[in-house]
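Numbering (the numbering used here), first residue to last: 3 to 603. Below you'll find the structure, written out as structure tokens, and then a few comments.
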Amino acid sequence: MSFEVPNTITFTAIAIVLSAVFWKLSKIGRRPSSYPPGPPTLPLIGNLHQIPNQKRHLQFEKWAQEYGPIYSLMLGTKVMIVLNSDLAIKDLIDKRGAIYSSRPQAYIAQDILSGGLRILFMVLELPTPFYHIIDCQIQTCGKWHANFYLADMPIQIAHRVLNISAARTYVPYQDLESKAMLLGFLNSPGDFINHLRRYSASLTTQMTFGFRTTSTQTKEFKEVFDVSILESCVTKKELLTIFEDFGPRFRAQWFSCESKKLFLDVSLMMAAFLDLVPMLRHIPECLLPIKKEGRGIHRRELSLFRRLYLQAKQGLVDGSAKPCVCVDLIKLQKEEEIFSDDLAAYLGGSLLQAGSETTSSILVGFIQAMTIFPDVVKYAQEELDRVCGDKRMPDLNDVPNLPYIRACAKESLRWMPGFTLGIPHSVTQDDTYMGYQIPSGSTVILNVWAVHNDPKRHPNPRQFDPMRYIGDEQTSTNSSNNPDATKRDHFVFGAGRRKCQGMHIADRSLFLAIGRLLWAFNFERLLDPETNQEIIPDMNDLAEGVMMLPKPFQTKITPRSAEKAECIRNEWGQMEELLDELAQWKVVPEGLVWGDEHNLE
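Structure representation (structure tokens):
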């Protein structure tokens, strides 16, 4: 009997502990009644089993139609809040930006792959009363203030080097590259996707580091894009779709052998588990090869970005530098002495990676839309011929006189937004909205696809119809700041304090590309040789990876007239006189100004 009491106590204690553990586990994955509604959950995993690997944007849109402007998803121990209306985005991301401007903690993407330096994923966890310090951009005077300033410093720097004055500065780059793109379309129209990628990449390398990208086969382009693919292989399972669906020619361009090997070697699911279950991060690196692979990618990326940044720095010394973001960063670095070469290099590199594919993806969607909707081409060309005639291509001085071309650019951003679910935000304090509780630490998704395809907001949303925007004189920046959420044209550039700072530049790049392509070329459907029927691209057949864009499709691209073709050649001939034997600018082109000549405040 003397041994039974302790045994009874022990068994009772174990039973209590196990009951408590099971009770706690039973709560994981369940949705509290105070949270926004959402699809039914399962114990432990919540809604994880319901999130598809492909066409995720369509499932999120379906849930938006079922649950309204805001719903929640339970991802194990994590909560995801999805915003599905312009008003919800305005109310939370814009108006309550003090607590909705952070990012979810992305252990692999930020801490391992980026060394904590990538601006896109930077977590901001400042006490609300101190956000006004950042907004005022005060000079640091003492360690206590500097710590708060530094937490948001990269975002503020991006504001300063990508402001509207800087956007006007880069017009000569945009003029040159759009003419080079037209020549590419003229000489090899079947390779139009690569021409668009080169256009976007060269604009970005010039604006960021001061050098042109003359081909998608250059060493620098391959290095930048290969590093991006390596990162995505580790963090984005969706890239499997691109790898499987693009033909052999596209695979050769988009994936190097090293990328392919790493893609096969790395456990893709582990990256998600490390974000969802933080305790797994303590597993030794020898048992978690994704960490070792990720750190190797970071070292390679940092080396690349540092080399490009230091080249720009040396260019200032020897007089070869051209106006660009990195030159502005170097000057700010000297003035304030509060950020390192590594941070500056990563800021430039992050802008380079973000810009290299964004514009081209939108333009690929635009070309597809012109093939599917020929009436848009006809109407646009009538406007262009009326304003510009046959002997000159449109330029940025024509913006006020080409409202339909402006509307085509806006509709392109709405119709094929690239980032269909935006870039995730995170809320740093408990909040309530529409009577629902939003717990601190929740991931907040801007359901861009659902907003852009809401028939109440945009009737017949899959129709490419620029007439929606006739009379809308707003730039993307004006629109994003409009207090009336229903007047916002699109949400491609995000919202709130973390919205894309390069939207001024993107607006101009899209206008020039779209206007000049429609001025110069016809876009027609090919005929099926067997049926003699027109081949209409499938607008719903999309490649879902880092950016969403149409899968390769067929279109017939021809110059509208011999006069326009000759104009393209003549314009490029004049441009070539400004370039050296490596097709780089001989001198700073007319119209470009240095950072200290435009406002960096």
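From the three backbone atoms N, C-alpha and C, an ideal C-beta is built for every residue, glycine too.
- Here the C-alpha atom of residue 184 lies approximately 12 Å from the C-alpha atom of residue 562.
- In the three-state reduction of the DSSP assignment, residue 482 falls in the helix class, which pools H, G and I.
- Taken atom to atom, the span from the alpha-carbon of residue 497 to that of residue 457 is near 21 Å.
- With contact defined as three or more Cβ pairs closer than 8 Å, the stretch 69-79 and the stretch 477-491 are not in contact.
- Between residue 368 and residue 537, the C-beta spacing is not below 8 Å.
- In this structure, the CA atom of residue 426 is about 24 Å from the CA atom of residue 202.
- Judged by beta-carbon spacing, residue 331 lies beyond the 8 Å limit of residue 121, meaning their Cβ atoms are not closer than that value.
- In this structure, the beta-carbon distance from residue 474 to residue 413 does not fall below 8 Å.
- The alpha-carbon of residue 316 is positioned some 12 Å away from that of residue 212.
- Residues of the same chain with a CB within less than 7 Å of the CB of residue 311, apart from the 5 flanking positions on each side, are 328, 343, 346, 347, 350 in chain order.
- Secondary structure at residue 433: strand, using DSSP grouped into helix, strand and coil.
- With a beta-carbon spacing of about 13 Å, residue 415 and residue 366 fall beyond the 8 Å limit used to define contacts.
- Restricting attention to 56, 370, 324, the CA atom closest to the CA of residue 422 is found in 56.
- Between the beta-carbon of residue 543 and that of residue 558 there is about 19 Å, and that puts the pair past the 8 Å contact cut.
- Residue nearest to residue 547 within the set 573, 58, 302, 288 is 58 (criterion: CA-CA distance).
- In the three-state scheme derived from DSSP, where H, G and I count as helix and E and B as strand, residue 556 is classed as coil.
- Around the CB of residue 482, 16 or more other CB atoms lie within 10 Å, so the residue is classed as buried.
- Residues 180, 184, 395, 396 of the same chain have their beta carbon placed closer than 7 Å to that of residue 518, with the five preceding and five following residues left out of the count.
- Put simply, of 398, 549, 453 the residue whose alpha carbon is nearest the alpha carbon of residue 65 is 453.
- Looking at 81, 88, 45, 31, the one whose alpha-carbon comes closest to that of residue 486 is 88.
- For the 8 Å CB-CB criterion, residue 353 and residue 210 form a contact.
- Here residue 85 really is in contact with residue 447; their C-beta atoms are around 7 Å apart, less than 8 Å.
- By the C-beta density criterion, residue 281 is exposed, having fewer than 16 other C-beta atoms within 10 angstroms.
- Residue 550 is bridged by DSSP to 546.
- Looking at the DSSP output, residue 73 sits in a beta bridge with 84.
- Looking from the CA of residue 101, the closest CA among 569, 499, 403, 364 belongs to 499.
- Comparing alpha carbon positions, the residue from 110, 95, 111 closest to residue 104 is 95.
- Buried is the label assigned to residue 570, since at least 16 other Cβ atoms lie within 10 Å of its Cβ.
- Positions of the alpha helix (DSSP H) runs, each at least 4 residues long and wholly inside the stretch 300-380, are given as 327-338, 343-374 in order along the chain.
- Relative to residue 283, the option among 573, 110, 530, 513 whose CA is nearest is 110.
- Taking 8 Å as the cut-off, the beta carbon of residue 549 is found no closer than this to the beta carbon of residue 424.
- Residue 449 counts as buried, since no fewer than 16 other beta carbons sit within 10 angstroms of its beta carbon.
- Assignment of residue 207 by DSSP, reduced to helix, strand and coil, places it in the helix class.
- Between the C-alpha atoms of residue 307 and residue 190 there is a straight-line separation of about 32 Å.
- Distance from residue 405 to residue 472 at the Cβ level is roughly 6 Å; contact confirmed, criterion being Cβ atoms closer than 8 Å.
- Here residue 428 carries a strand assignment [DSSP, helix/strand/coil].
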